[in-house]
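Read through the structure below, which is laid out as structure tokens, and then see the notes.
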Amino acid sequence: MKQKLKKLIWDAVKTAYEDNALPSSEFPDVEIEEPKVEKHGDFSTNIAMKMASIQKMSPRKISEIIIDHISDPDNLLSGTDIAGPGFINFFINESSWHPVLRQIHEAGNEFGASDIGRGKRIQVEFVSSNPTGPLHVGHGRGASVGDSTANILSFCGYDVQKEYYINDSGRQIHTLGQSVLFRYREQLGEDVEFPEECYQGDYIRELAEEVRQREGDALMSSGEEAAIEYCARYASKKIIEGIKIDLDSFGVRFNRWFSEQSLYDSGKVDADIKELQDKGMIYKEDGALWFKTTEYGDEKDRVVVRNNGQTTYFASDIAYHKDKYDRGYEKVIDVWGADHHGYIPRMTAAIEASGRKKDQFHVILVQLVNLLRDGEPVAMSTRAGEFVTLDDVIREVGKDAARFIFLTRHHESPLDFDLELARKKTNDNPVYYVQYVHARISSIIKKAGERGINHIAWDDQGVAMLREPEEIRLIKNMARYPEVVRNSAEFMEPHRITFFLRNLASAFHTYYNKHRVLEDDEVLCRGRLYLILTIKNVIHNGLTLLGVSAPEKM
RNA sequence: GCGCCUGUAGCUCAGCUGGAUAGAGCAACGGACUUCUAAUCCGUAGGCCGCAGGUUCGAAUCCUGCCAGGCGUACCA
483 MKQKLKKLIW DAVKTAYEDN ALPSSEFPDV EIEEPKVEKH GDFSTNIAMK MASIQKMSPR
543 KISEIIIDHI SDPDNLLSGT DIAGPGFINF FINESSWHPV LRQIHEAGNE FGASDIGRGK
603 RIQVEFVSSN PTGPLHVGHG RGASVGDSTA NILSFCGYDV QKEYYINDSG RQIHTLGQSV
663 LFRYREQLGE DVEFPEECYQ GDYIRELAEE VRQREGDALM SSGEEAAIEY CARYASKKII
723 EGIKIDLDSF GVRFNRWFSE QSLYDSGKVD ADIKELQDKG MIYKEDGALW FKTTEYGDEK
783 DRVVVRNNGQ TTYFASDIAY HKDKYDRGYE KVIDVWGADH HGYIPRMTAA IEASGRKKDQ
843 FHVILVQLVN LLRDGEPVAM STRAGEFVTL DDVIREVGKD AARFIFLTRH HESPLDFDLE
903 LARKKTNDNP VYYVQYVHAR ISSIIKKAGE RGINHIAWDD QGVAMLREPE EIRLIKNMAR
963 YPEVVRNSAE FMEPHRITFF LRNLASAFHT YYNKHRVLED DEVLCRGRLY LILTIKNVIH
1023 NGLTLLGVSA PEKM
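Residue numbers 483 to 1036, in the numbering used here, belong to the letters of the first sequence in order.
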């Protein structure tokens, strides 16, 4: 619709120039907006104001000239208006909206999809929680944002891969091994003092128990390091399995699980450090190796190999990201917790140093989640073992409510997640509001079937009867969907879909309460059934992008 | 100190990347079910868009400076 209008205006401007009504041939882009106030029409443009200084004429005069030169062969417009400082307002004919319904219906699950990605290969890495404990709510938010963003990008024609990076190497894995070993010894009757820096959660005890059942007391006699190594391997493997299960029940599936350890095993970390050394990007100071990240805008240089010979997390991250690009991704997106934001400049620096462009890397920072129960904060700390796991949340409030609520805010603003609220099946809970539309429509369609209407299809006469303001409003609303999806992809902001759905749901509920679909007038009934079928279609599409189900019945 | 994020209705947040009279949901108050699901709807009330300057036809939106909160600022991850 917008495109059609844009063309009308553009043609009018050109014609006006050819008729010598406008002195200059220099025209700005046609920008079309949707006014907030209905009185201002369906669309408006500010083009006259933009042209004023170039044409050396008053905006209102230019508006008049443009309107005079508009030709509207398809009878799209029911009226135009000049308002305020020189806005041109356009009123669209009711009947011009009707074909939108057909587009939606014919596109089906593809309605809203586009090809703006042009098959560009893009990778989204998210969650990537360390395998030292189960996922908690914060990871849930990262999972929701990452997964939906990937879905949306894919819907917009990008070739998207979802990946999880497993930090199965380094100090914290060692600590994990220690933690399990301590519990293991404890269980075998040894009097041990459990160190504070170890992981305190009950899951460590369970893992130790499993180790004991498999190995008996064999680890008591093997060397300590070997025992820790064994426990670390076993525990991280089990934890990752648990994480996979949790994510699966959260509706998140990765294309690939990438092991940090594999970068060491294949020698890639060492090779990349060597390569950077050869390029002169690395120097030695105080016994450590430093990467000159300051040359790419970081505030200080960063250590890649410590003076004890151990590589830092940064070192493997450099190798990991290099590997991503080597695998052919043109763009790499990382979803991180906001507490890692200080890490962005050095990562960007490393990527630039390896010859990639800055804009080939993008970090989505997700702010922290404050978990509440009835308005009271719930304390959480992985180390102290006090946390509510993602699994707990899914069990308590359900996957759909959790995923939806995580996407009810811009990802850069902190989110309060109230367990009691999320569990309530009331109108406090936005997910039901949207799902309810789908269920209601399904119910009506079912009822129509009972009355012998089994096939809902485009019907000229029926659709032509959709003239109620609420009906036109619904169609206009849905017509915006493709643009919302595109913007959502472009800005990587899945919450835009959430807000769109709430809006559409609201418009439907209003309509539902005011008008009956199953009217005695058969023609009208056909038209309305077609309308709600397309609404169901759009709600379904949107919820799918968010990873939320669209129930037939509630 | 420096850097990033956030300040919009009593509360939780949107605001289409500069547009016209700033919008929702909760909470408050008053209404609507013998009719397609009341997990719904309708109405009322509620605002110096953190503060102060600047940019221009026009600012919640862009720039600068303050103020407040969160996070970061490791040879941790």
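Glycine included, every Cβ here is placed at the ideal spot set by N, Cα and C.
Taking only three categories from DSSP, how would you classify residue i?
| i | result |
| --- | --- |
| E688 | helix |
| T890 | coil |
| N852 | strand |
| K756 | helix |
| F525 | strand |
| V605 | Looking at the sequence shown, residue 605 is not Val but Gln. Here Q605 sits in strand by DSSP. |
| F593 | coil |
| P517 | coil |
| H844 | strand |
| F899 | strand |
| H618 | strand |
| E858 | strand |
| T980 | helix |
| T793 | strand |
Looking at the unbroken beta strand (DSSP E) that takes in residue i, where does it start and where does it end?
| i | result |
| --- | --- |
| G561 | L559 to A565 |
| G819 | K813 to G819 |
| N571 | F569 to I574 |
| K644 | D641 to I648 |
| E767 | I764 to E767 |
| L771 | A770 to F773 |
| V1030 | Neither: V1030 is in no beta strand (DSSP E) and is coded neither H nor E. |
| R738 | R738 to S741 |
Would you kindly work out how many angstroms separate the C-alpha atoms of residue i and residue j, rounded to a whole number?
| i | j | result |
| --- | --- | --- |
| N1023 | H621 | 25 Å |
| Q585 | C638 | 17 Å |
| S895 | D821 | 13 Å |
| N591 | N1019 | 7 Å |
| M531 | L504 | 14 Å |
| R922 | G944 | 21 Å |
| V851 | L901 | 12 Å |
| E812 | Q605 | 8 Å |
| P581 | K602 | 32 Å |
| A946 | S526 | 25 Å |
| Y668 | G698 | One point to set straight first is that residue 668 is Glu, not Tyr, in the sequence displayed. For E668 and G698, the distance between alpha carbons rounds to 13 Å. |
| L729 | V870 | 15 Å |
| P510 | K782 | 44 Å |
| R623 | I536 | 49 Å |
| V875 | D898 | 14 Å |
| V519 | K488 | 20 Å |
| R1008 | L948 | 10 Å |
| M1036 | F732 | 20 Å |
| L583 | Y1012 | 8 Å |
| H920 | A1032 | 6 Å |
Please work out which residues of its chain come closer than 8 Å, Cβ to Cβ, to residue i, disregarding the five sequence neighbours upstream and downstream, and give them in chain order.
| i | result |
| --- | --- |
| I979 | S630, I634, L889, V966, V967, S970, G1024, L1027 and L1028 |
| A498 | L504, I547, I548, D550 and H551 |
| R735 | K644 and L729 |
Residues in its own chain within less than 6 Å of residue i by CB, not counting five upstream and five downstream?
| i | result |
| --- | --- |
| E691 | none |
| S924 | E1034 |
| H844 | I815 |
| S626 | R885, F888 and L889 |
To which residues of the same chain is residue i closer than 7 Å at the C-beta, ignoring the five residues directly before and after it?
| i | result |
| --- | --- |
| H656 | I710 and A714 |
| Q743 | D650 and S651 |
| R1040 | Absent from the model: residue 1040. The displayed extent of the chain is 483 to 1036, so no value can be given. |
| R788 | A770 and T794 |
| I686 | S661, V662 and R665 |
| W492 | V512 |
| A797 | V751, I755, V786 and V787 |
| A883 | A904, N911 and V913 |
Nearer than 7 Å: is that true of the beta carbon of residue i relative to any heavy atom of the ligand MG?
| i | result |
| --- | --- |
| N575 | Judged by which ligands are present, the structure shown has none, so any question about the ligand MG falls away. |
Applying the 10 Å Cβ sphere with the 16-neighbour rule, what's the burial state of residue i?
| i | result |
| --- | --- |
| F973 | exposed |
| T1016 | buried |
| M960 | buried |
| N995 | exposed |
| Y765 | exposed |
| H803 | buried |
| E975 | buried |
| P555 | exposed |
Looking at the secondary structure, which residues open and close the alpha helix (DSSP H) in which residue i lies?
| i | result |
| --- | --- |
| L956 | P951 to A961 |
| R784 | No alpha helix (DSSP H) holds R784; the beta strand (DSSP E) holding it covers R784 to V787. |
| T497 | K484 to E500 |
| F664 | R653 to Q669 |
| C713 | E706 to S731 |
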